[in-house]
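**Q** Would you mind keeping the following structure in view while I ask a few things?
2 protein chains.
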Amino acid sequence: MEKRHGPFTGIKVIDLTRVLAGPYTTMVLADLGAEVLKVETPGTGDDSRHFGPFINDVSGYFYSINRGKESITLNLKDTKAKEIFFKLVETADVVIENYRPGTTKKLGIDYEELKKVKADIIYAACSGFGHSGPYSRYPAYDMIVQAMGGIMSITGPEDGEPVRVGTSVGDITAALFTAIGISSALFNREKTGHGAFIDVAMLDSQLAILENAVVRYIVSGIPPKPLGTRHPSITPFQAFHTKDSNIIIAVGNDKLWVDFCRAIERPELIEFPEFETNDKRTENARKLIPILEDIIKERTTDQWLEIFERVQVPAAPVNDMEKVLSNPQLLARNMIVEAEDKRIGVMKMAGNPIKMNILADHAVKKPAPVLGEHTEKVLLDLGYSKKDIETFRKNGII
Amino acid sequence: MEKRHGPFTGIKVIDLTRVLAGPYTTMVLADLGAEVLKVETPGTGDDSRHFGPFINDVSGYFYSINRGKESITLNLKDTKAKEIFFKLVETADVVIENYRPGTTKKLGIDYEELKKVKADIIYAACSGFGHSGPYSRYPAYDMIVQAMGGIMSITGPEDGEPVRVGTSVGDITAALFTAIGISSALFNREKTGHGAFIDVAMLDSQLAILENAVVRYIVSGIPPKPLGTRHPSITPFQAFHTKDSNIIIAVGNDKLWVDFCRAIERPELIEFPEFETNDKRTENARKLIPILEDIIKERTTDQWLEIFERVQVPAAPVNDMEKVLSNPQLLARNMIVEAEDKRIGVMKMAGNPIKMNILADHAVKKPAPVLGEHTEKVLLDLGYSKKDIETFRKNGII
Numbered sequence: 019m020e021k022r023h024g025p026f027t028g029i030k031v032i033d034l035t036r037v038l039a040g041p042y043t044t045m046v047l048a049d050l051g052a053e054v055l056k057v058e059t060p061g062t063g064d065d066s067r068h069f070g071p072f073i074n075d076v077s078g079y080f081y082s083i084n085r086g087k088e089s090i091t092l093n094l095k096d097t098k099a100k101e102i103f104f105k106l107v108e109t110a111d112v113v114i115e116n117y118r119p120g121t122t123k124k125l126g127i128d129y130e131e132l133k134k135v136k137a138d139i140i141y142a143a144c145s146g147f148g149h150s151g152p153y154s155r156y157p158a159y160d161m162i163v164q165a166m167g168g169i170m171s172i173t174g175p176e177d178g179e180p181v182r183v184g185t186s187v188g189d190i191t192a193a194l195f196t197a198i199g200i201s202s203a204l205f206n207r208e209k210t211g212h213g214a215f216i217d218v219a220m221l222d223s224q225l226a227i228l229e230n231a232v233v234r235y236i237v238s239g240i241p242p243k244p245l246g247t248r249h250p251s252i253t254p255f256q257a258f259h260t261k262d263s264n265i266i267i268a269v270g271n272d273k274l275w276v277d278f279c280r281a282i283e284r285p286e287l288i289e290f291p292e293f294e295t296n297d298k299r300t301e302n303a304r305k306l307i308p309i310l311e312d313i314i315k316e317r318t319t320d321q322w323l324e325i326f327e328r329v330q331v332p333a334a335p336v337n338d339m340e341k342v343l344s345n346p347q348l349l350a351r352n353m354i355v356e357a358e359d360k361r362i363g364v365m366k367m368a369g370n371p372i373k374m375n376i377l378a379d380h381a382v383k384k385p386a387p388v389l390g391e392h393t394e395k396v397l398l399d400l401g402y403s404k405k406d407i408e409t410f411r412k413n414g415i416i
Numbered sequence: 019m020e021k022r023h024g025p026f027t028g029i030k031v032i033d034l035t036r037v038l039a040g041p042y043t044t045m046v047l048a049d050l051g052a053e054v055l056k057v058e059t060p061g062t063g064d065d066s067r068h069f070g071p072f073i074n075d076v077s078g079y080f081y082s083i084n085r086g087k088e089s090i091t092l093n094l095k096d097t098k099a100k101e102i103f104f105k106l107v108e109t110a111d112v113v114i115e116n117y118r119p120g121t122t123k124k125l126g127i128d129y130e131e132l133k134k135v136k137a138d139i140i141y142a143a144c145s146g147f148g149h150s151g152p153y154s155r156y157p158a159y160d161m162i163v164q165a166m167g168g169i170m171s172i173t174g175p176e177d178g179e180p181v182r183v184g185t186s187v188g189d190i191t192a193a194l195f196t197a198i199g200i201s202s203a204l205f206n207r208e209k210t211g212h213g214a215f216i217d218v219a220m221l222d223s224q225l226a227i228l229e230n231a232v233v234r235y236i237v238s239g240i241p242p243k244p245l246g247t248r249h250p251s252i253t254p255f256q257a258f259h260t261k262d263s264n265i266i267i268a269v270g271n272d273k274l275w276v277d278f279c280r281a282i283e284r285p286e287l288i289e290f291p292e293f294e295t296n297d298k299r300t301e302n303a304r305k306l307i308p309i310l311e312d313i314i315k316e317r318t319t320d321q322w323l324e325i326f327e328r329v330q331v332p333a334a335p336v337n338d339m340e341k342v343l344s345n346p347q348l349l350a351r352n353m354i355v356e357a358e359d360k361r362i363g364v365m366k367m368a369g370n371p372i373k374m375n376i377l378a379d380h381a382v383k384k385p386a387p388v389l390g391e392h393t394e395k396v397l398l399d400l401g402y403s404k405k406d407i408e409t410f411r412k413n414g415i416i
């Protein structure tokens, strides 16, 4: 037994997921103390074990979202393997899968079947389009749901082509909603004794995060378009070129406008009636922005950041990954963690953003598992003998 | 007492939050059955009540993320108001705030103070930079953390300027991590009897969602750049112009490439050795993409979608808000919900993407509250008289 170190310590998750959305959910649960056991196909394992970039033949992609989990192999098409799987489910609190809807039913391991084995099991399904509706069985990729769900239509340069959000928000948002569903179901089980079936779709999750774009369309009847970095109704609130790179300046109200004009040593702009209020600045942006562009490009990003910090005008550099990973705030918050691994040495990863006084925030995380690393241990725990395990291995069951 | 309709029915949340991140968290909790009581400043209320677009003077922005909550007004700088607030906390399970760190301490209502009133309170703070570290008290906007956290540096057209993600992922991602933290703390409280202090930062949350961009940088030492809609290592996997708009085509593997070539009636491309494998197609993208561009622009998006659906090649339109809100899958999933409101009639909003068999998914949600709508009811419940309430109102306490 592991020492209690987080809210989900003692919770056992059987993880049938692959690639991104599902594994991200179980990473979040593991970061909060849950014991996550990945069930993988013998021989190949999670598809993302084969995605680059590689470090000594280990997928960095796989590693960074599967830290702290255990792995066993099971060929779920085999009857004996299914028997083993059901024994595992008996010991579990949560089962999660991100197959295309219909797959676990075909395998005979859907919610209805698992309930027979463990009545209060929490079964979470995270899929592209969900377990109902006309698109339910369509194939989904992150980019497909980004395009279909609307976020792409409002992301990109002004008057330019739509672009994909540079990270897989289609997968990750669904992963976070699935983690909320599972967490709330665990609470509910403590209260009522009942399990749950959870069905989260990537497409649904995309709509859920569009916030004011939805209401702007409903009120105006005009679909919002990409605006680059510009804010639709606050000015100046966007990126500017500096002498050496870019800077974001966010003059959120009229008081900040006054501070900003003084900071850029152009107090006379305060007096211009056409720039006096935010509404006027937004209305006259085509006149104002070129004036500011000429001023901002005269100094470097660091020079401007120092100036704006002094007067508390919100500003920020457009950090690339190099700058992000050396950012003093993120370092102070323990957001860049390291795992020690025999195969690849020290691996740097993003940490857990949920900071809690009931969670021991280990600076060094457990490494990601080798395929089937815990098969023997888990099967011995279930009561199988070394000889059984040998037979299973010979017959391709594990 | 409300009939149990979700996992968090019976849970009482005191909500001190404003604008987006905090209110989004409490919307998620309310959608799962929690009773959320917004505590707002007398006279002005949540800042976002004053954000457009407006429908009959009601902020659509405020409305769409505050549905199903109740509202009381309390001037928390007043001693009497604080006494009332503490009485509320005694009856609550969760208190959430998204002030700048330090503010609740100054008001005398930080975690240390609230614990004295209710030992097992769950206190969640959601802020721009978190309650520790050198930037802790800096002002934050969504765009600031998008820029500082790295997502902007990988979003935008290839070889072009970085752009902001069109929705406030800085706020919303932090909101989702906060909801996970609160949910896990509620489970933990059932198990252990202990409350919790939760501290989620928007900047931390940005780093946590960057996934493979982090590891690509760590392995290569080269900061990833924006790629438009293109995939860094899969080809063709991007947007194309059609006769009338855009289409996303996602040829994820070599089998799909064969199906795709047949679907576009160019089977001879299958035989080209330089396009035979995904690696070769990615290597020779500059030759392949122009060929495909010429083909795809010959038909409309709908024509192509029909063709690709038949052969199961993943493809999608780049939907704008109009198309999103009439999408048959989202409609079938009950993802577009309506609230009836006396002031503004029927209001359409994005629904709850967490579908659960233990959650009654009401098609019609409760409306968002008028400022202070529930002040009298709540104060009467706490034992104050109508006369007390009148006095409080006269003295600007409520």
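Protein chains in written order, with this note's numbering: chain E, 19 to 416; chain Y, 19 to 416. C-beta atoms are modelled at their ideal positions from N, C-alpha and C, and glycine is treated no differently. Predicted, not measured: the structure shown is a model, and the values here were computed from it.
#1: If you draw a straight line from the C-alpha of Y/K243 to the C-alpha of Y/A165, how long is it?
#2: Can you list the residues of chain Y that E/A219 reaches, using a CB-CB cut of under 7 Å?
#3: In the DSSP assignment, the beta strand (DSSP E) including Y/D217 goes from what residue to what residue?
#4: Please name the residues in the region 325–338 of chain E whose beta-carbon is closer than 7 Å to at least one beta-carbon of chain Y, in chain order.
#5: With E/V163 and E/T173 assumed to form a contact (beta carbons below 8 Å), what rounded beta-carbon distance in angstroms separates them?
#6: Tell whether a beta-carbon distance below 9 Å holds between Y/N264 and E/E179.
#7: According to DSSP, is Y/T91 helix, strand or coil?
#8: To the nearest angstrom, how far is the alpha carbon of Y/F410 from that of Y/P60?
#9: What residues in the region 71–82 of chain E bring their beta carbon closer than 8 Å to a beta carbon of chain Y?
#10: Expressed to the nearest angstrom, what Euclidean distance is found between the alpha-carbon atoms of E/D406 and E/I90?
#11: Rounded to whole angstroms, what's the CA-CA distance from E/N345 to E/G188? Just pull it up for me.
#12: Does the region 138–156 of chain Y come within contact of the region 103–122 of chain Y, defined as at least 3 CB pairs closer than 8 Å?
#13: Do E/A203 and E/D222 count as a contact pair if the criterion is CB distance below 9 Å?
#14: E/S251 by DSSP, collapsed to three states: which one?
#15: Does DSSP classify E/S154 as helix, strand or coil?
#16: Which residues in the same chain have their Cβ closer than 7 Å to the Cβ of Y/T44, if we skip the five residues on either side of it in sequence?
#17: If you drop the 5 nearest sequence neighbours on each side, which residues of the same chain put their C-beta closer than 6 Å to that of Y/K383?
#18: By DSSP's criteria, E/H259 is part of a beta bridge. Which residues make up the other side?
#19: Using a C-beta cutoff of 9 Å, does Y/K405 count as contacting chain E?
#20: Quick test of your reading: E/A386 and E/F72, contact by CB under 8 Å. State the CB separation rounded to the nearest angstrom.
#21: What is the rounded straight-line gap between the Cα of Y/N74 and the Cα of E/P241?
#22: Evaluate E/L400 with the Cβ neighbour count: other Cβ atoms within 10 Å of its Cβ, from every protein chain shown; 16 or more gives buried, anything less gives exposed.
#23: In three-state DSSP terms, what is Y/V237?
#24: Have a look at Y/G213 and Y/K136 and give me their C-alpha separation to the nearest angstrom.
#25: To be precise: take each residue of the region 220–236 of chain Y, compare its Cβ to all Cβ atoms of chain E, and keep it if any distance is under 8 Å. Which residues remain?
#26: Would a check of beta-carbon distances place Y/M19 closer than 9 Å to chain E?
#27: Select from the region 179–202 of chain E all residues with a C-beta closer than 9 Å to any C-beta belonging to chain Y, and list them in chain order.
#28: To the nearest angstrom, how far is it from the Cα of E/K124 to the Cα of E/S154?
#29: For Y/M161 versus E/A52, is the C-beta spacing smaller than 9 Å?
#30: How about Y/A231 and Y/T247: are their beta carbons less than 9 Å apart?
#31: Where does E/P175 fall in DSSP's three states?
#32: Of the choices Y/K404, Y/K209, Y/V183, whose alpha-carbon is the least far from that of E/H249?
#33: According to DSSP, is Y/P41 part of a helix, a strand, or is it coil?
#34: Distance cutoff 9 Å, beta carbons only. Does Y/L50 sit that close to anything in chain E?
#35: Mark E/E17 as exposed unless 16 or more other C-beta atoms lie within 10 angstroms of its C-beta, in which case mark it buried.
#36: Taking only beta-carbon positions, decide if Y/I415 is within less than 9 Å of chain E.
**A** Let's see:
#1: 13 Å
#2: R351, P371
#3: 214–219
#4: Q330, P332, A334, P335, V336, N337, D338
#5: Wrong, their Cβ atoms sit about 14 Å apart, outside the cutoff.
#6: yes
#7: strand
#8: 11 Å
#9: P71, F72, I73, G78, Y79, Y81, S82
#10: 15 Å
#11: 26 Å
#12: yes
#13: no
#14: coil
#15: coil
#16: V31, D33, T35, V54, K87, I114
#17: R85, G86, V355, A357
#18: E/N264
#19: no
#20: Not really, about 13 Å apart at Cβ, beyond 8 Å.
#21: 21 Å
#22: exposed
#23: helix
#24: 9 Å
#25: L221, D222, S223, L225, A226, I227, L228, E229, N230, A231, V232, V233, R234, Y235, I236
#26: Per-residue confidence for Y/M19 stands at a pLDDT of 38, beneath the threshold of 50, marking its modelled position as unreliable; no derived number is given.
#27: E179, P180, V181, R182, V183, G184, T185, S186, V187, D189, I190, T191, A192, L194, F195, T196, A197, I198, G199, I200, S201, S202
#28: 15 Å
#29: no
#30: no
#31: coil
#32: Y/V183
#33: helix
#34: yes
#35: No statement about residue 17 of chain E is possible, as the shown extent of chain E runs from 19 to 416 and does not include it.
#36: no
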